[in-house]
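Trainee: Here the sequence shown is numbered in the working numbering, starting from 492 and rising by one per residue.
All C-beta atoms in this analysis are idealised placements derived from N, C-alpha and C, irrespective of residue type, glycine included.
Note that the coordinates shown come from a computational prediction; the quantities given were computed from them, not determined experimentally.
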Amino acid sequence: HDYQNNFVNAEFLPDEITGTTFYKPGNNAREKNLSDFLKNRWKDKYDF
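(1) Taking just the CA atoms, how far does Trp533 sit from Asp493?
(2) Please state whether the Cβ-Cβ distance between Glu502 and Thr509 is less than 8 Å.
(3) With a CB to CB cut of under 7 Å and the five nearest residues on each side skipped, what residues in its chain are close to Asp538?
(4) Nearest-angstrom Cα distance between Asp535 and Leu529?
Structure representation (structure tokens):
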């Protein structure tokens, strides 16, 4: 938590699943906010 916004763009997954999307936000207000947050943090790494 010593990084700006308590976030670091680091990869901890095995190579075989790197870049795999495990969560796709739904189409409602709360998940739209979460989607925007994740896009801001991960940029183009995942398809949110």
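Mentor: In short:
(1) 18 Å
(2) yes
(3) Thr512
(4) 10 Å
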